Amino acid sequence: MGQRYVFEERERKKNTSRASELAFLVEPSDIIAVRDRPLTLDCQVEGEGPITITWRRNGAPVPTGQRVSVLTNGTLLIRNFQKRGESSEADAGEYDCAAQNRFGMLVSRKARVQIASLPKFHTHPESMSVEMGGVARFQCQVNGVPEATITWERNRTALSTQDTRYTLLPAGILQITGVRQGDAGLYRCVASNIANTRYSHEAQLNVTTTASRIYKEPVILSGPQNLTLTVHQTAILECIATGNPRPIVSWSRLDGRSIGVEGIQVLGTGNLMISDVSLQHSGVYVCAANRPGTRMRRTALGRLVVQAPPEFLQWPQSVSKPAGGSAVFTCVAQGVPDPHLIWLKNGKILTPGDNVKITNNNSTLAVTRITSEDEAIYQCIAENSAGTNQASARLAVSLAKELPDSPQDLAAVVLSTTALQLRWAQPPPEITDGIIGYVLHIRKIGEPDTKELQEAVSKTTFHHDFNNLESATTYSIYLKAYSPLGASQKSSTVIATTLGGVPSAPTFFTKVLNTTTVQIFWELPSKPGKVEGFKLSYRKVPQPDFQAPHLLPCHVNTHTLSHLDPGAIYEVKLVAFNGNGEGNCSKRLVSLTEDGTSAKANGGEGPCDCRQEGEGSVAGIVVGIHIGMACIIFCVLFLMLGYRRSRFCRKGTQDSWSVPRGDDAGHHRHSNGGPKEAGPRPAGTMELEPQSRGSSAHCDERQGVTQPAQCQVLIEQHPTDLLGTGIS
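In terms of our numbering, the sequence shown opens at residue 307 and continues consecutively.
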């Protein structure tokens, strides 16, 4: 009995939801208004009341008053349309109506409202002289709103359209074939629409006669122009030719496809008219003027582009989802050119966020971790240059009391290098009865949500083991309880690390930005989960203690230390950690001098044991010892320099020093500065070498004169580096 009641209640809510949905019965359409005359824009909506209808122009609310008002049926009434409104803005623009009830807001398509106008002609007909029997062509152009109707006059009298020699094209073109003497006169075009009537300048047609008719090759006076139209409009491709004998005009498509016969008509002697164009009519059309009985011809090309406003192939569907669940809306539209899709939430552009994702070229909207704030009307707007279209769906959120509470006391226990155990509290019996199972969500820390794995658990089980995990890897885990109506809110998130060791010492670099600021960079692990976070600390040399460490998450690889003492030397320490503890750290000395140079510690990047204590307490003693050692080393170096110069003067030759042979070779190599075995020299040593192999430095003992040998000093490690090396 209880299950039947739940089913009936669910069906009642579903039917109520459908009945309460807002939907447009009539949306505003594009219209042309006349100045100082009334204008109405229709907007009719169905849905659960009360429904409030408001209007917007160019995205801003339409101010209502004595001149503008919204009728009870939702129609917008402008009593006298103005070119300039009360706020110095024109009434023309893009209008849309918004309908709202307690479930959300719905916005209509945009309707373009233009004011009727008819400006002056920007192209007037031009006078011409035509031989008797030839072809005359006049043209005038004017940009009217709406498009003006154009007629022609000869000598201020309306031109008869009964004569088949006259062809009037809607674009303002007059063609006269087989010109006669009676066609001579003054021609002008008359343009008229609901706004005005205008007359063009007059053009003189002179008709000349020739004594004899001579052969003339075909010539196309005017070929087809490129046209861009919307489906169901009429296309007229002009082609008028002259020649003797009169050429025959024919049409074809450049791609070889047939033009067809349905809706095709020839105007005059060769103009092609296509009524009710469709997308299949798009293409390049070829007009050919052939000399009768020969293959001689002239051609002209024109491209016809047919556009189509958006049409929906798939509409978003209204759904009812529980809090914590997910909803997916799909919107697929076609049109020419391809329409652009945008999503609205209660009439406002929807911005993707933590729980809102828009994918598949904006055709798919996914709402995850649903809350009451996500309950709204969602609209898919499809737009292209040919028009707009809209489709809507409502997301209803189930009441929270219909869903189970989130699981409590979730905790993790590390079992081994590849296993974790999760435990949570068993809910009271009255709650357990409504739960059908649990789902654990696990991912490596630092990985995106899309990499998350899920494992289902029975409703009677309150622990679960994750096996086959990676060693020394940190995981983020949470739990949800499920009932027949959906998922609960997620539990608290726990962080756990499998056994297997601590992270290795990170490699980091420093950059002195100014005398008080240092920026630190380090490399992140190649695999997610290997590091839970970083601890960055520093101290001013020779102070013994480091500042309290900065805790940084695993995805951060840079940090800036500011407000330091100018010109001071600082020691920076970086350590990575996970659930198993802290790894070895890396240290680096940084000098905040004017030139921004920095000293290296431990070879610059070497690890050190960060867990030793009292390292800063003897820093002053260590520095003093190394300063004394540096002085002693320099004294020894100067003594060695004098000693070697004496030996060079006794045993040196012009080009090189002799190398003793026998058992003492190694001793002489070392003492005489000869070649040594490959390998790094000990830190702090120096060696004398000739400046060049061809040096003329030598000693002349016979003359009793010692010429100074030219030598260079190679110091393998700078004393300042020695100083830095001593600090561990």
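Glycine residues also receive a C-beta, built at the ideal position from the N, C-alpha and C atoms.
Here the structure is a predicted model, which means the values were calculated and not measured.
Worksheet entry | At least 3 beta-carbon pairs within less than 8 Å: the region 886-897 vs the region 795-809 | yes
Fill in: Burial state of Q481 (16 or more Cβ within 10 Å)
Start at 1 with the first residue of the sequence shown, and residue 481 comes out as number 175. Answer is buried; the Cβ neighbour count reaches 16.
Worksheet item: For K817, which of helix, strand or coil comes out of DSSP?
Response: For the purposes of this step, residue 817 is identified with residue 511 of the sequence shown, where counting begins at 1. Strand, per DSSP.
Worksheet item: Is the region 772-790 in contact with the region 682-700, if contact means three or more CB pairs nearer than 8 Å?
Response: no
Fill in: Bridge partners - C593, DSSP secondary structure assignment
Here residue 593 refers to the residue found at position 287 when the sequence shown is read from its first residue. Answer by DSSP bridge pairing, in chain order: W557 and A606.
Worksheet item: How about R415 and N532: are their beta carbons less than 8 Å apart?
Response: The residue given as residue 415 occupies position 109 in the sequence shown. The residue given as residue 532 occupies position 226 in the sequence shown. When the beta-carbon positions are compared, R415 and N532 stay at least 8 Å from each other.
Item to complete: Consult DSSP for K426 and reduce its assignment to one of helix, strand or coil.
Response: On the sequence shown, residue 426 is found 120 positions in, with the first residue counted as 1. In the three-state reduction of the DSSP assignment, K426 falls in the coil class, being assigned neither a helical nor a strand state.
Worksheet item: Can you tell me whether DSSP reads C495 as helix, strand or coil?
Response: The sequence position of residue 495 within the sequence shown is 189, counting from 1. Strand at C495.
Item to complete: Along the alpha helix (DSSP H) that carries P735, what are the first and last residues, could you check?
Response: One-based indexing of the sequence shown puts residue 735 at position 429. Secondary structure note for P735: its alpha helix (DSSP H) is the uninterrupted segment P735 to T738.
Item to complete: Have a look at L585 and I384 and give me their C-alpha separation to the nearest angstrom.
Response: In the sequence shown, the residue the question calls residue 585 occupies position 279. In the sequence shown, the residue the question calls residue 384 occupies position 78. The alpha-carbon atoms of L585 and I384 are separated by roughly 37 Å.
Worksheet item: Looking only at its own chain, which residues have a Cβ that is under 7 Å from the Cβ of V572, when we skip the five neighbours before and after it?
Response: Your numbering for residue 572 matches position 266 in the sequence shown. The answer, listed in chain order, is L578.
Worksheet item: When you compare each of D342, L842 and E523 to M602 by their alpha carbons, which one comes out closest?
Response: As a working mapping, residue 602 is identified with position 296 in the sequence shown. Cα-wise, what sits closest to M602 is E523.
Discussion item. On the DSSP bridge list, what partners appear for W458?
Written reply: Position 152 of the sequence shown holds residue 458. Note: W458 sits in a beta bridge opposite C495.
Worksheet item: Where DSSP assigns a beta bridge to E354, which residues make up the other side?
Response: The residue you call residue 354 lines up with position 48 of the sequence shown. None, per the DSSP bridge assignment.
Discussion item. Within a Cβ cutoff of 8 Å, which residues of the same chain sit near A854, ignoring the five residues on either side of it in sequence?
Written reply: Position 548 of the sequence shown, counted from the first residue, corresponds to residue 854. Counting only Cβ-Cβ distances below 8 Å, and skipping sequence neighbours, we find S843.
Worksheet item: In its own chain, which residues sit with a C-beta less than 8 Å from the C-beta of I676, not counting the 5 before and 5 after it?
Response: Mapped onto the sequence shown, residue 676 falls at position 370. Excluding positions up to five away in sequence, the list reads K627, P628, A629, G630, G631, S632, A633, N661, L701 and V703.
Worksheet item: How is E523 classed by DSSP in three states: helix, strand or coil?
Response: As a working mapping, residue 523 is identified with position 217 in the sequence shown. The answer is strand: DSSP assigns E523 an E or B state.
Worksheet item: Ends of the beta strand (DSSP E) at S782?
Response: Locating residue 782 in the sequence shown gives position 476, where the first residue counts as 1. Here the beta strand (DSSP E) through S782 covers T780 to S789.
Worksheet entry | Alpha-carbon spacing of K841 relative to G740, whole angstroms | Translated into the one-based positions of the sequence shown, residue 841 becomes position 535. Translated into the one-based positions of the sequence shown, residue 740 becomes position 434. K841 and G740: Cα-Cα distance of roughly 45 Å.
Worksheet item: Start and end of the beta strand (DSSP E) containing H769?
Response: Here the question's residue 769 lines up with position 463 in the sequence shown. Taken as a continuous stretch (DSSP letters only), the beta strand (DSSP E) holding H769 covers H769 to F772.
Worksheet item: When the Cα atoms are used, what is the spatial distance from H507 to S435?
Response: Along the sequence shown, read from residue 1 onward, the residue named residue 507 stands at position 201. Along the sequence shown, read from residue 1 onward, the residue named residue 435 stands at position 129. One C-alpha to the other measures close to 17 Å.
Worksheet item: If we ignore side chains and look at the alpha-carbon of each, how far apart do R462 and Y493 end up?
Response: Counting from one through the sequence shown, the residue named residue 462 turns up at place 156. Counting from one through the sequence shown, the residue named residue 493 turns up at place 187. Computed Cα separation, rounded: 8 Å.
Worksheet entry | Own chain, CB closer than 8 Å to V374, minus 5 neighbours either side, in chain order | The sequence position of residue 374 within the sequence shown is 68, counting from 1. Excluding residues within five positions, the ones whose Cβ falls inside 8 Å are V368, L382, L383, I384 and R385.
Worksheet item: Excluding five sequence neighbours on each side, which residues of the same chain lie with their C-beta closer than 6 Å to the C-beta of H973?
Response: Here the question's residue 973 lines up with position 667 in the sequence shown. With a pLDDT of 40 at H973, under the threshold of 50, the modelled position of that residue is not reliable, and the figure given next carries that caveat. Around H973: no qualifying Cβ.
Worksheet item: In the DSSP assignment, what are the bridge partners of I500?
Response: Looking up residue 500 in the sequence shown gives position 194. In the DSSP output, where bridge partners are listed per residue, I500 has none listed.
Discussion item. Taking only three categories from DSSP, how would you classify S323?
Written reply: As a first step, residue 323 is located in the sequence shown; it is residue number 17 there, counting from the start. Reliability of the predicted coordinates at S323 is poor, the pLDDT of 43 falling under 50, and the value obtained from them is presented with this limitation in mind. Taken through DSSP and simplified to helix, strand or coil, S323 comes out as helix.
Item to complete: Quick one: using the 10 Å Cβ neighbour count with 16 as the cut-off for buried, is T766 buried or exposed?
Response: The sequence position of residue 766 within the sequence shown is 460, counting from 1. By the 10 Å Cβ count, T766 comes out exposed.
Worksheet item: Taking the C-alpha atoms as reference points, what is the distance between Y684 and Q388?
Response: Position 378 of the sequence shown holds residue 684. Position 82 of the sequence shown holds residue 388. Looking at the two C-alpha atoms, the distance is approximately 35 Å.
Discussion item. Spatial neighbours of L331 within its chain, please: C-beta separation below 8 Å, excluding the five flanking residues on both sides.
Written reply: To locate residue 331, count along the sequence shown from 1; it is residue 25. Q350, V351 and E352, listed in sequence order.
Practice prompt. Please determine, among P425, N379 and N512, the residue with the shortest C-alpha to C-alpha distance to S433.
Written response: One-based indexing of the sequence shown puts residue 433 at position 127. For the options P425, N379 and N512, the alpha carbon positioned closest to that of S433 is the one of N512.
Discussion item. Need the endpoints of the beta strand (DSSP E) that N663 sits in, please.
Written reply: Taking the sequence shown and counting its residues from 1, one reaches residue 663 at position 357. Checking the sequence, you will find Lys at residue 663 rather than Asn. That run of the beta strand (DSSP E) goes V662 to T665.
Item to complete: Mind checking who V413 pairs with in its DSSP beta bridge?
Response: The sequence position of residue 413 within the sequence shown is 107, counting from 1. DSSP lists A404 as partners of V413.
Worksheet item: The beta strand (DSSP E) with A639 in it runs from where to where?
Response: Along the sequence shown, one-based indexing puts residue 639 at 333. Per DSSP, A639 belongs to the beta strand (DSSP E) from V638 to V642.
Worksheet item: Using DSSP with H/G/I as helix, E/B as strand and the rest coil, what is Q487?
Response: Within the sequence shown, residue 487 is the residue found at index 181, counting from 1. Three-state DSSP puts Q487 in a helix.
Practice prompt. Output yes or no for whether 8 Å exceeds the beta carbon distance between G743 and S764.
Written response: Counting from 1 along the sequence shown, the entry for residue 743 is found at position 437. Counting from 1 along the sequence shown, the entry for residue 764 is found at position 458. Yes, they are a contact pair.
Fill in: Segment contact flag, the region 355-366 with the region 405-412, C-beta cutoff 8 Å, min 3 pairs
yes
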